[in-house]
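**Q** Sharing a structure with you now.
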Amino acid sequence: MTQLTPIRGFTNTPVTKSVIVIGTVLALALLALQLKYLVTLAIDPLIVQYSQYWRVATFQLSVINESDYLLSTILWFHFKTLERFFGPRKYFSLITVFALYNAVLTFLVLSVGQLLLNALLSVIPMLKSYSPYKFVYRDTFFNSVVPGPLGILASLYMCHGTYIPVSYHFKILFRRVEASDETENSSDDTNANRVINNPGKLLTLNDHFQIHILFTLLMLNNGIASLIPCLIGLLVGRLYTSELLAGSKNFHLPNLVFRLFVSPRKINTSAFDLLRQRIRGFHRLPQSPPREAEPTPEREDVAEETIDDIRNPEEPANRSETPVRPLGRQFLETFRT
Numbered sequence: 001m002t003q004l005t006p007i008r009g010f011t012n013t014p015v016t017k018s019v020i021v022i023g024t025v026l027a028l029a030l031l032a033l034q035l036k037y038l039v040t041l042a043i044d045p046l047i048v049q050y051s052q053y054w055r056v057a058t059f060q061l062s063v064i065n066e067s068d069y070l071l072s073t074i075l076w077f078h079f080k081t082l083e084r085f086f087g088p089r090k091y092f093s094l095i096t097v098f099a100l101y102n103a104v105l106t107f108l109v110l111s112v113g114q115l116l117l118n119a120l121l122s123v124i125p126m127l128k129s130y131s132p133y134k135f136v137y138r139d140t141f142f143n144s145v146v147p148g149p150l151g152i153l154a155s156l157y158m159c160h161g162t163y164i165p166v167s168y169h170f171k172i173l174f175r176r177v178e179a180s181d182e183t184e185n186s187s188d189d190t191n192a193n194r195v196i197n198n199p200g201k202l203l204t205l206n207d208h209f210q211i212h213i214l215f216t217l218l219m220l221n222n223g224i225a226s227l228i229p230c231l232i233g234l235l236v237g238r239l240y241t242s243e244l245l246a247g248s249k250n251f252h253l254p255n256l257v258f259r260l261f262v263s264p265r266k267i268n269t270s271a272f273d274l275l276r277q278r279i280r281g282f283h284r285l286p287q288s289p290p291r292e293a294e295p296t297p298e299r300e301d302v303a304e305e306t307i308d309d310i311r312n313p314e315e316p317a318n319r320s321e322t323p324v325r326p327l328g329r330q331f332l333e334t335f336r337t
């Protein structure tokens, strides 16, 4: 598994853990309560007739089939390296930006594509029978997309390929090299180099190959219904990696929203403490005791003298009777005598 560090599991990845847990709970709840229709997006009749525009904000919340759930969960787990790369709060903000752009662009593509394709199909009978133009509205493959965060995963897929480096490459040999007199006499290193230099007999892959396979399966799992949001997500991710996505670089969600998503149980304690501080007012922190002065040679001498005075109480009287003489004076007095 591709990782920036050898850390396993959900260590230091609270956003990935919360996304997988919430996605699992929502998928099970929609299945058990038979509420899958709440995350369905269809231009006709949900938008055209019933004006349920709130579905633009809900169709990315959860998947509704087992294969999409399995593939999306594995991809979320692989993309935890992006959370370690960006940091949890920035990663959560990036997911929010991708969700907003993918929701709006998907709705616009479906609406405009549905109208243009119906207009084009209405022109064909006019050209065949030379009859007046008559617009006929019908359902096309632009009418609906599969629910789930496919566009978000596609955008993160582009970021993963751009920001996460490749750790290693490996080669898969498809057929065995035919033995000959020259190959039998040559060494193993020569045979290996000869196989590697022949690109028709092997396939070179890197440590990102499993992510490419999983994303391809997710993109083609539901045909056009899953291909459209994935292509839009790839476009959004490409704009972000090229620094052309407006408002994405400096956008950060409030810390309260991030903490509520990652650890909602801790938010009650912190909110209570904040409210208590607001009501009672802020108190001055207790002053720390004064730091002791750094020892200097003079202070060390004074300390030593004090200790000596404590140990020898009679020594100060002897010092007053016989004052200390310099060394030069002691030499002169010696020669004088």
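In full-length UniProt numbering, the protein residues as written are 1 to 337.
All C-beta atoms, glycine included, are put in the ideal place defined by N, C-alpha and C.
Using the Cα positions of Ser111 and Ile43, report the straight-line distance between them to the nearest angstrom.
**A** Working through the sequence shown from its first residue, we reach residue 111 at position 111. Working through the sequence shown from its first residue, we reach residue 43 at position 43. Cα-Cα distance, rounded: 7 Å.
**Q** Using the Cβ count rule (16 or more neighbours within 10 Å means buried), how would you classify residue 344?
**A** Residue 344 cannot be examined here, being either before or after the span of the chain that is shown, 1 to 337.
**Q** Can you round the beta-carbon distance between Leu75 and Leu214 to whole angstroms, since I take them to be within the 8 Å contact cut?
**A** The residue labelled residue 75 in the question sits at position 75 within the sequence shown. The residue labelled residue 214 in the question sits at position 214 within the sequence shown. Contact holds; Cβ gap of about 6 Å.
**Q** Within the chosen definition, does the segment 119-127 reach the segment 62-76 through at least 3 CB pairs nearer than 8 Å?
**A** No, the segment 119-127 does not touch the segment 62-76.
**Q** Count the other CB atoms, across all protein chains shown, that sit within 10 Å of the CB of Ala154; report buried if there are 16 or more and exposed otherwise.
**A** Residue mapping note: residue 154 aligns to position 154 of the sequence shown, counting from 1. Buried.
**Q** Give the DSSP-derived three-state secondary structure of Ala246 in the structure shown.
**A** Within the sequence shown, residue 246 is the residue found at index 246, counting from 1. Coil.
**Q** Distance check for Thr58 and Val136, CA to CA, integer angstroms please.
**A** Numbered from 1 along the sequence shown, position 136 holds the residue referred to as residue 136. Numbered from 1 along the sequence shown, position 58 holds the residue referred to as residue 58. For Val136 and Thr58, the distance between alpha carbons rounds to 30 Å.
**Q** Quick one: what's Ala42 bridged to in DSSP?
**A** As a first step, residue 42 is located in the sequence shown; it is residue number 42 there, counting from the start. Paired residues: Ser144.
**Q** Please state whether the Cβ-Cβ distance between Thr81 and Ile20 is less than 8 Å.
**A** As a first step, residue 81 is located in the sequence shown; it is residue number 81 there, counting from the start. As a first step, residue 20 is located in the sequence shown; it is residue number 20 there, counting from the start. No, the pair does not count as a contact, with Cβ atoms beyond the cut-off.
**Q** May I have the straight-line CA-CA distance separating Lys17 from Leu220, to the nearest angstrom?
**A** Translated into positions along the sequence shown, residue 17 becomes position 17. Translated into positions along the sequence shown, residue 220 becomes position 220. Approximately 26 Å, taken between the alpha carbons.
**Q** Buried or exposed: Leu256, going by 16 or more other Cβ atoms within 10 Å of its Cβ?
**A** Numbered from its first residue, the sequence shown carries residue 256 at position 256. Exposed, since its Cβ has fewer than 16 Cβ neighbours within 10 Å.
**Q** Excluding the 5 residues preceding and the 5 following Gly113 in the sequence, name in chain order all residues of the same chain whose CB lies nearer than 6 Å to its CB.
**A** The count along the sequence shown starts at 1 and reaches residue 113 at position 113. Around Gly113: Phe142.
**Q** What do you get for Gly151, buried or exposed, if any count of 16 or more other CB atoms within 10 angstroms of its CB means buried?
**A** As a working note, residue 151 is residue 151 in the sequence shown. It counts as buried.
**Q** Here's a check: name, in chain order, each residue in its chain whose Cβ is nearer than 8 Å to the Cβ of Phe261, leaving out the five neighbours to either side.
**A** Residue mapping note: residue 261 aligns to position 261 of the sequence shown, counting from 1. Excluding residues within five positions, the ones whose Cβ falls inside 8 Å are Val15, Ser18 and Phe92.
**Q** Comparing alpha-carbon positions, which option in Leu234, Asp207, Asp139 and Leu30 lies nearest Ser167?
**A** To locate residue 167, count along the sequence shown from 1; it is residue 167. When only C-alpha atoms are compared, the closest one is Asp207.
**Q** Taking the C-alpha atoms as reference points, what is the distance between Glu66 and Leu217?
**A** Start at 1 with the first residue of the sequence shown, and residue 66 comes out as number 66. Start at 1 with the first residue of the sequence shown, and residue 217 comes out as number 217. Glu66 and Leu217: Cα-Cα distance of roughly 13 Å.
**Q** Any idea what DSSP makes of Lys171, helix, strand or coil?
**A** Taking the first residue of the sequence shown as position 1, residue 171 is located at position 171. Here Lys171 sits in strand by DSSP.
**Q** What first and last residue would you give for the alpha helix (DSSP H) that runs through Thr96?
**A** Along the sequence shown, read from residue 1 onward, the residue named residue 96 stands at position 96. Run containing Thr96: Pro88 to Ser129, per the alpha helix (DSSP H) assignment.
**Q** Straight-line CA distance for Gly233 to Ile279?
**A** The count along the sequence shown starts at 1 and reaches residue 233 at position 233. The count along the sequence shown starts at 1 and reaches residue 279 at position 279. Each residue's Cα considered, the two are about 47 Å apart.
**Q** Quick check: what's the CA-CA separation for Gly9 versus Phe77?
**A** Counting from 1 along the sequence shown, the entry for residue 9 is found at position 9. Counting from 1 along the sequence shown, the entry for residue 77 is found at position 77. Each residue's alpha carbon lies about 9 Å from the other.
**Q** Mind reading off the beta-carbon distance from Pro229 to Thr106? Whole number of angstroms is fine, and I expect it under 8 Å.
**A** Stepping through the sequence shown from its first residue, residue 229 is reached at position 229. Stepping through the sequence shown from its first residue, residue 106 is reached at position 106. Right, their Cβ atoms sit about 6 Å apart.
**Q** When you compare the CB positions of Leu33 and Val39, do they come within less than 8 Å of one another, or not?
**A** Indexing the sequence shown from 1 puts residue 33 at position 33. Indexing the sequence shown from 1 puts residue 39 at position 39. Against a cut-off of 8 Å, the Cβ pair of Val39 and Leu33 comes out as no contact.
**Q** Per DSSP, which one or two residues make a beta bridge with Thr204?
**A** The residue given as residue 204 occupies position 204 in the sequence shown. In DSSP, Thr204 forms a bridge with Lys171.
**Q** Alpha carbon to alpha carbon, what distance is there between Leu94 and Leu253?
**A** Indexing the sequence shown from 1 puts residue 253 at position 253. Indexing the sequence shown from 1 puts residue 94 at position 94. Approximately 9 Å between the Cα atoms of the pair.
**Q** Within the continuous alpha helix (DSSP H) that includes His78, where are the two ends?
**A** As a position in the sequence shown, residue 78 is number 78, starting the count at 1. Segment Glu66 to His78, the alpha helix (DSSP H) holding His78.
**Q** With H, G and I counted as helix, E and B as strand and the rest as coil, what does DSSP make of Pro149?
**A** Start at 1 with the first residue of the sequence shown, and residue 149 comes out as number 149. DSSP places Pro149 in coil when its eight states are reduced to three.
**Q** Would you mind stating whether Thr13 and Glu83 have Cβ atoms separated by less than 8 Å?
**A** For the purposes of this step, residue 13 is taken as the residue at position 13 of the sequence shown. For the purposes of this step, residue 83 is taken as the residue at position 83 of the sequence shown. Yes.
**Q** Tell me which same chain residues have a C-beta within less than 8 Å of the C-beta of Ser122, skipping the five on either side of it?
**A** As a position in the sequence shown, residue 122 is number 122, starting the count at 1. Closer than 8 Å at the Cβ level, and outside the excluded window around Ser122, lie Tyr133, Lys134, Phe135 and Val136.
**Q** Between the beta-carbon of Leu46 and the beta-carbon of Arg55, is there less than 8 Å?
**A** Counted from its first residue, the sequence shown places residue 46 at position 46. Counted from its first residue, the sequence shown places residue 55 at position 55. Yes, Cβ-Cβ distance for Leu46 and Arg55 is below 8 Å.
**Q** Out of Ser144, Lys171, Leu332 and Arg238, which one is the CA nearest neighbour of Asn222?
**A** Within the sequence shown, residue 222 is the residue found at index 222, counting from 1. Taking only the C-alpha atoms, the option nearest Asn222 is Ser144.
**Q** Which of the three DSSP states, helix, strand or coil, is assigned to Pro229?
**A** Position 229 of the sequence shown holds residue 229. It is helical.
**Q** By the DSSP assignment, the alpha helix (DSSP H) with residue 339 in it spans what residues?
**A** Outside the shown range of the chain (1 to 337) lies residue 339, about which nothing can therefore be said.
**Q** Does DSSP put Tyr53 in a helix, in a strand, or in coil?
**A** Indexing the sequence shown from 1 puts residue 53 at position 53. In the structure shown, Tyr53 sits in coil (DSSP, three-state: anything other than H, G, I, E or B).
**Q** Apply the 10 Å Cβ neighbour rule to Ala246 and answer buried if 16 or more other Cβ atoms are within range, or exposed otherwise.
**A** On the sequence shown, position 246 is the one that residue 246 refers to. Ala246 should be labelled exposed.
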